[in-house]
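For my numbering, count along the sequence shown from 1 and bump the result up by 3. Just so it is clear, CB atoms sit at the ideal spot from N, CA and C, and this is done for glycine as well.
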Amino acid sequence: MKNNPLRIIARLDIKNEYVVKGINLEGIRKVGNPKILAKNYYSQGIDEIIYMDVVASLYGRNSIEDFVKEAASEIFVPLTVGGGIRNLEDIKKLLKNGADKVAINTAAIKDENFIRIAASEIGSQSIVVSIESKKIKNGHWEAYYDNGRERSGLDVLKWAKRAQKLGAGEVLVTSIDNEGLKQGMDLELLNELKKVISIPIIYSGGIGNSDHILEAVSADAIAI
4 MKNNPLRIIA RLDIKNEYVV KGINLEGIRK VGNPKILAKN YYSQGIDEII
54 YMDVVASLYG RNSIEDFVKE AASEIFVPLT VGGGIRNLED IKKLLKNGAD
104 KVAINTAAIK DENFIRIAAS EIGSQSIVVS IESKKIKNGH WEAYYDNGRE
154 RSGLDVLKWA KRAQKLGAGE VLVTSIDNEG LKQGMDLELL NELKKVISIP
204 IIYSGGIGNS DHILEAVSAD AIAI
């Protein structure tokens, strides 16, 4: 039995000035205004909010600092920001603008020591390693990056274990196969992850109703 209650996190995937949603991280469409949606989720009692710039790594920049700054002045739950974070300066800038944590994926895959450096300099509690997972076969998943566009060749379970060793405070794992389908989670992935790491797991992908959330016994948080 877990000591802490399951955290429910609102995940806002942002492209330019809009919240977007896709299927399997593809075919994204506009679904709303990030400022309005964040306020709505906050008023409904959400535990945390994740802002993810889904094209930042592709274009080599993160453009949601203004959203974070504004949200931090009006929304009093932890804010995690991801997308296009390349160095310590990017992290410090986001934290200064009101983020509580940052989620890194592409930069960590390209240089795993970035996790170690960031955790040492900033603190593990603020470093979330984001893992985009695609199933290869039963019991095996590959990590992707650039919002599911690029293969890394890394085994998800081994990568999560490595990220923990390097100092990550949490992992955010997104099931590419399940994302956007609203047909349930990849429970096999979630359960296998729980066997190899002890840091909190935030699960994202495929949640369509409250019954799916109740199945997330191996997760520490659900991002929806």
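* **For VAL131 and VAL159, believed in contact at Cβ under 8 Å, the rounded distance** => Going by Cβ atoms, the distance from VAL159 to VAL131 rounds to 15 Å, so no, they are not a contact pair.
* How should ASN108 be labelled, buried or exposed, when 16 other C-beta atoms within 10 angstroms of its C-beta is the threshold for buried? -> buried
* Is ALA75 closer than 8 Å to ASN36 when the C-beta atoms are compared? -> no
* Spatially closest choice to LYS18 from GLY48, ASP56, GLU124 and LEU175, by CA coordinates -> ASP56
* Residue range of the unbroken alpha helix (DSSP H) whose run includes LEU82 -> LEU82 -> not in any alpha helix (DSSP H); beta strand (DSSP E) instead, spanning 82-85.
* Reduced DSSP secondary structure (H/G/I, E/B, other) of ALA219 -> coil
* Evaluate contact between the region 171-183 and the region 197-211, counting only Cβ atoms and requiring at least three cross-stretch pairs below 8 Å. => yes
* Distance between GLU135 and ILE216 (C-alpha atoms, nearest Å) -> 20 Å
* To do: Quick one: give me the first and last residue of the alpha helix (DSSP H) that VAL71 is part of.
  => 68-77
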